[in-house]
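**Student:** Sharing a structure with you now.
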Amino acid sequence: MSATNAPAATCPFSGDTGTPAPSSENLRDSVVPGLPQTSAGVEAPVADWVTIPDLYADPFPIYQRMRSESPVHWVPAVNRYMVTSYAACHEIEQDEDRFSADEKNSLMKRSMGHSMLRKDNPEHQVDRDSYGSTLRPGTIKKHWNEIFAANNEKYLGELLAKGPGADFVWDYAAPYTAENLRLICGFHNATQEDLQRWSQTMIDGTGNYADDPDVWDKSAASSAEVDAAIDEMLPLLAKNPDNSLLSGLASLPIPLEAIRANLKMTIGGGLNEPRDVLATTVWALLNHSDQLEAVKKNPKLHATAFEESVRWVAPIGMYPRETTQDVVLEGVSLPQGSRLGVVLGAANRDPEVFEDPEAFNIFRPKKPHLGFGGGVHFCAGTWIARAQVAQIAMPALFERIPDLRLDPSAVSVDAGWVFRGMTKMPVTWG
Amino acid sequence: MPTITFTQPTGEATEIAVAEGTSLMRAAVTNGVEGIVGECGGQAMCATCHIYVRPEFADQLPPISDDEDEMLDCTTAERTDASRLGCQVKMTDQLSSIVVDVPSDQE
Ligand code: HEM
Ligand code: FES
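Sequence lines, in order, name chains A and B. Residues 1 to 430 in the UniProt record's numbering are what the first sequence spells out, letter by letter. Residues 1 to 107 in the UniProt record's numbering are what the second sequence spells out, letter by letter.
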């Protein structure tokens with residue numbers, strides 16, 4: 001390499017100073033985004049055997065079968081094409097010209113407004129840039145880590161006070177990540193409980209395919225509460241700025257409608273995911289004592305365990321895209337206007353890319369997973385999630401409760417497919 | 001059109017002609033250059049577009065922004081004085097026929 005050493009700087013997340021990782025074959029080779037497709041492609045097979053309750057309980061055997069048959073299926077129960085191979089998901093992410101995020105009749109737009117997540121560029125970039133440096137590594141290091149550590153101390157204390165048998169998700173991970181998100185957003189006029197309620201009810205709206213009026217009512221009520229909270233905070237933060245998203249937005253010429261939609265999307269996407277990945281990672285480690293011991297001995301492995309967990313159980317298991325033209329995707333032809341589900345939960349377990357993909361294994365060769373998405377919508381909160389979970393919560397947790405274990409007298413439950421995580425995780429110690 | 005030459009650790013070089021305004025990352029990804037992933041699509045959020053710019057072109061590069069600087073601390077391969085994020089360097093006339101090295105261990 002024709003280069004001299006720069007002063008050593010350390011990545012604040014992995015603690016890495018850039019030590020070479022084991023190399024692996026290049027994954028992108030087979031994917032050349034934007035290239036015109038020459039062959040006509042075959043029609044997508046129909047997976048009429050897939051049901052929503054089965055997906056909810058355990059989607060992974062379903063994905064195994066789908067991937068082995070075709071990278072893309074039409075799935076009547078979901079009323080979309082589901083894309084399950086790594087190569088096809090990656091191709092979609094990297095090509096927003098053919099695969100638009102601006103889905104028609106989007107339930108997310110109905111429940112949260114038209115946020116950056118459902119816009120294409122150039123419009124998307126204006127909104128994305130309006131988030132400034134709040135979620136970036138520099139601000140995390142200078143500002144958020146200290147706040148996350150204090151919040152962690154508080155909610156770990158509450159878990160301990162509750163005593164053995166407490167639920168790891170609901171008595172610790174949920175309030176901890178909700179309180180972090182409250183401060184990141186700048187809702188000094190709300191509680192972490194408000195954030196949890198807003199998040200869940202609006203997410204339920206986003207998934208309200210059954211058109212349940214009660215779900216819409218609750219989602220609309222939360223949406224109105226968020227609007228009121230934003231209206232109150234913007235002038236206050238304009239006068240007394242801090243590092244929050246709303247504070248940055250208070251001084252920008254961004255339409256209120258966009259601020260509202262982006263904040264609602266962030267409330268929906270910035271709480272459950274770190275909560276779920278924290279619980280899933282700890283659950284997986286508690287089930288694999290050899291890996292747990294390794295992490296306890298080498299604190300750098302917290303970051304590795306976090307990343308493997310996001311690969312193994314992608315907290316956002318599927319997100320939508322829509323074709324802007326007739327396309328051939330990995331040999332399957334899709335007409336213009338097709339509604340696609342990009343199934344990250346399946347792509348991340350593609351045996352073409354990951355050896356023994358169904359296993360949780362922090363020692364596997366490092367390869368890029370798609371858990372944070374890719375392309376221009378690549379998760380804006382990636383580093384916030386890494387910091388609050390892998391850098392702050394996990395090390396403190398195993399230090400404060402070294403003998404933490406799953407409660408043998410109660411079952412843990414992992415569930416979900418569009419969003420997947422632990423819904424019940426009783427733990428014990430002492 | 002300006003050209004970019006991507007040199008692999010094996011010594012193999014690929015020359016690509018690109019329109020002005022195209023980033024090094026986009027040029028590499030569109031042309032299937034090995035070792036440059038560009039996972040975040042140029043948001044300076046993933047550091048998988050890390051490259052080393054040959055010293056003779058250093059003067060002509062745009063300055064490193066704070067965003068790029070903090071992300072360069074998170075690269076998989078070692079950061080050096082020559083390190084840049086490919087997505088933050090756009091092709092201009094001054095840069096025509098730039099030569100860059102692709103890190104050996106970037107997935
Ligand atoms: C482990 C935790 C997380 C995971 C797995 C995750 C995953 C994702 C994924 C897959 C997307 C892209 C979805 C799409 O393209 O449709 C996304 C976008 C986004 N995420 Fe996250 N996320 C996490 C945590 C967070 C946190 C903590 C925040 C905020 C504090 C956040 C904020 C955002 C935002 C603002 C976007 C939209 C980016 C854009 O459209 O340009 N995420 N996330
Ligand atoms: S493409 Fe992600 S940092 Fe450059």
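Backbone N, C-alpha and C fix where the C-beta goes; we use that ideal spot for every residue, glycine too. Only a predicted model underlies this, so the values are computations on that prediction, with no experimental measurement involved.
Let me confirm a value: B/T7 is counted as buried when at least 16 other C-beta atoms fall within 10 Å, else exposed. Which label applies?
**Tutor:** For this step, residue 7 of chain B is matched to residue 7 along the second sequence. The residue is buried, with at least 16 neighbouring Cβ atoms inside 10 Å.
**Student:** Taking the C-alpha atoms as reference points, what is the distance between A/G34 and B/N31?
**Tutor:** One-based indexing of the first sequence puts residue 34 of chain A at position 34. One-based indexing of the second sequence puts residue 31 of chain B at position 31. With a pLDDT of only 44 at A/G34, under 50, the local geometry of the prediction cannot be trusted, and no value is derived from it.
**Student:** Look at the alpha carbon of B/C87 and the alpha carbon of A/W312, and state the distance between them as a whole number of angstroms.
**Tutor:** Numbered from 1 along the second sequence, position 87 holds the residue referred to as residue 87 of chain B. Numbered from 1 along the first sequence, position 312 holds the residue referred to as residue 312 of chain A. Distance between the alpha carbons of B/C87 and A/W312 is about 28 Å.
**Student:** For B/A44, collect the residues of the same chain with a Cβ closer than 7 Å to its Cβ; drop the 5 residues on either side in sequence, then sort them by chain order.
**Tutor:** By 1-based counting over the second sequence, the position of residue 44 of chain B is 44. Once the five neighbours on either side are set aside, the close Cβ partners of B/A44 are D67, E68, M71, L85, C87, Q88.
**Student:** Decide if the region 325-335 of chain A is in contact with the region 88-103 of chain A; the criterion is three or more beta carbon pairs, one per stretch, under 8 Å apart.
**Tutor:** yes
**Student:** Between A/P368 and chain B, is any beta-carbon pair separated by less than 7 Å?
**Tutor:** Locating residue 368 of chain A in the first sequence gives position 368, counting from the first residue. Yes, because at least one Cβ of chain B sits closer than 7 Å to the Cβ of A/P368.
**Student:** Would you report the Cα separation of A/F148 and A/S223, rounded to the nearest angstrom?
**Tutor:** For the purposes of this step, residue 148 of chain A is identified with residue 148 of the first sequence, where counting begins at 1. For the purposes of this step, residue 223 of chain A is identified with residue 223 of the first sequence, where counting begins at 1. If you take the alpha carbons of A/F148 and A/S223, they lie about 26 Å apart.
**Student:** Could you confirm whether any beta carbon from chain A is found closer than 7 Å to the beta carbon of B/E70?
**Tutor:** To locate residue 70 of chain B, count along the second sequence from 1; it is residue 70. Yes, because at least one Cβ of chain A sits closer than 7 Å to the Cβ of B/E70.
**Student:** Helix, strand or coil for A/K367, going by three-state DSSP, please let me know.
**Tutor:** Locating residue 367 of chain A in the first sequence gives position 367, counting from the first residue. Of the three classes helix, strand and coil, the one that applies to A/K367 here is coil, per DSSP.
**Student:** Note down, in chain order, all residues in the region 91-115 of chain A with a beta-carbon under 9 Å from any beta-carbon belonging to chain B.
**Tutor:** E93, Q94, E96
**Student:** Mapping DSSP to helix, strand and coil, what is A/K424?
**Tutor:** The residue given as residue 424 of chain A occupies position 424 in the first sequence. Secondary structure of A/K424 (DSSP, three-state): strand.
**Student:** In the DSSP assignment, find the alpha helix (DSSP H) that holds A/W198 and state where it starts and stops.
**Tutor:** In the first sequence, counting from the first residue as 1, residue 198 of chain A sits at position 198. Where A/W198 is concerned, the enclosing alpha helix (DSSP H) stretches over 192-206.
**Student:** Can you find a CB in chain A that lies within less than 7 Å of the CB of B/E39?
**Tutor:** Mapped onto the second sequence, residue 39 of chain B falls at position 39. It does; some Cβ of chain A falls within 7 Å.
**Student:** Taking the beta carbon of A/W49 as the centre, do at least 16 other beta carbons fall within 10 Å, making it buried, or is it exposed?
**Tutor:** On the first sequence, residue 49 of chain A is found 49 positions in, with the first residue counted as 1. Exposed, since its Cβ has fewer than 16 Cβ neighbours within 10 Å.
**Student:** With distances taken Cα to Cα, identify the nearest neighbour of A/G416 among A/G41, A/L278, A/P45, A/P59.
**Tutor:** Counting from one through the first sequence, the residue named residue 416 of chain A turns up at place 416. The candidate whose alpha carbon is nearest that of A/G416 is A/P59.
**Student:** In three-state DSSP terms, what is A/K142?
**Tutor:** As a first step, residue 142 of chain A must be located in the first sequence, where it is residue number 142. A/K142: helix per DSSP, three-state reduction.
**Student:** So B/A48 contacts chain A; which residues on that side make the cut at Cβ distance below 7 Å?
**Tutor:** Residue 48 of chain B sits at position 48 when you count from the first residue of the second sequence. A small correction: the amino acid at residue 48 of chain B is Thr; Ala does not occupy that position in the sequence shown. Under a criterion of Cβ atoms nearer than 7 Å, the residues of chain A adjacent to B/T48 are, in order, P368.
**Student:** Please name the residues in the region 134-156 of chain A whose beta-carbon is closer than 7 Å to at least one beta-carbon of chain B, in chain order.
**Tutor:** R136, P137, G138
**Student:** Determine which residues of the region 365-394 of chain A have a Cβ less than 7 Å from any Cβ of chain B, and write them out in chain order.
**Tutor:** K366, K367, P368, G374, G375, V376, F378, T382
**Student:** Mind pulling the chain A residues with CB within less than 7 Å of B/M45?
**Tutor:** As a position in the second sequence, residue 45 of chain B is number 45, starting the count at 1. Here the neighbours are F378, T382.
**Student:** Hey, A/V83 and B/G41: beta-carbon distance below 7 Å or not?
**Tutor:** Here residue 83 of chain A is taken as the residue at index 83 of the first sequence, counted from 1. Here residue 41 of chain B is taken as the residue at index 41 of the second sequence, counted from 1. Contact flag unset, no.
**Student:** Look up A/R80 in the DSSP assignment and give the residues it is bridged to.
**Tutor:** Residue numbering aside, residue 80 of chain A sits at position 80 when the first sequence is read from its first letter. For A/R80, which the question treats as bridged, DSSP gives the partners A/V75.
**Student:** Looking only at DSSP bridge pairs, what is B/A13 linked to?
**Tutor:** Here residue 13 of chain B is taken as the residue at index 13 of the second sequence, counted from 1. BP columns for B/A13 point to B/T7.
**Student:** Using C-beta distances below 6 Å, list every residue in its chain close to A/R275, excluding the 5 sequence neighbours before and after it, in chain order.
**Tutor:** Locating residue 275 of chain A in the first sequence gives position 275, counting from the first residue. Excluding sequence neighbours, A/R275 sits near A173, A174, T177.
**Student:** Could you name the residues that DSSP lists as bridge partners for A/R339?
**Tutor:** Here the question's residue 339 of chain A lines up with position 339 in the first sequence. Looking at the DSSP assignment, A/R339 forms a beta bridge with A/E322.
**Student:** Interface residues of chain A around B/D93 at Cβ under 7 Å?
**Tutor:** On the second sequence, residue 93 of chain B is found 93 positions in, with the first residue counted as 1. Chain-order list of chain A residues neighbouring B/D93: empty, with the shortest C-beta distance near 24 Å, by a criterion of under 7 Å.
**Student:** Could you give the DSSP three-state label for B/E20: helix, strand or coil?
**Tutor:** As a position in the second sequence, residue 20 of chain B is number 20, starting the count at 1. Collapsing the DSSP output to three states places B/E20 in coil.
**Student:** Taking only heavy atoms of ligand 1 into account, decide whether any of them is closer than 6 Å to the Cβ of A/L117.
**Tutor:** Against the first sequence, residue 117 of chain A aligns to sequence position 117. Yes - ligand 1 has a heavy atom lying nearer than 6 Å to the Cβ of A/L117.
**Student:** Excluding the 5 residues flanking residue 111 of chain B on each side, which residues of the same chain have their C-beta closer than 8 Å to its C-beta?
**Tutor:** Coverage of chain B is limited to positions 1 through 107, which leaves residue 111 of chain B absent and any answer about it impossible.
**Student:** If we count the other Cβ atoms within 10 Å of its Cβ and call it buried at 16 or more, is A/L135 buried or exposed?
**Tutor:** Within the first sequence, numbered from 1, the residue matching residue 135 of chain A stands at position 135. It is buried - the Cβ of A/L135 has at least 16 other Cβ atoms within 10 Å.
**Student:** Name the DSSP bridge partner or partners of B/I98?
**Tutor:** Working through the second sequence from its first residue, we reach residue 98 of chain B at position 98. In DSSP, B/I98 forms a bridge with B/I4.
**Student:** Using CA atoms only, rank isn't needed, just tell me which of A/T323, A/P299, A/V342, A/V226 is closest to A/A393.
**Tutor:** For the purposes of this step, residue 393 of chain A is taken as residue 393 along the first sequence, with counting starting at 1. Selected option, being the one with the closest Cα: A/P299.
**Student:** In whole angstroms, what separates the C-alpha of A/K141 from that of A/V310?
**Tutor:** Start at 1 with the first residue of the first sequence, and residue 141 of chain A comes out as number 141. Start at 1 with the first residue of the first sequence, and residue 310 of chain A comes out as number 310. Approximately 22 Å, taken between the alpha carbons.
**Student:** Shortest alpha-carbon distance to A/L344 belongs to which of A/L404, A/P357, A/Y319?
**Tutor:** Taking the first residue of the first sequence as 1, we reach residue 344 of chain A at position 344. Of the candidates A/L404, A/P357, A/Y319, the one whose C-alpha sits nearest the C-alpha of A/L344 is A/Y319.
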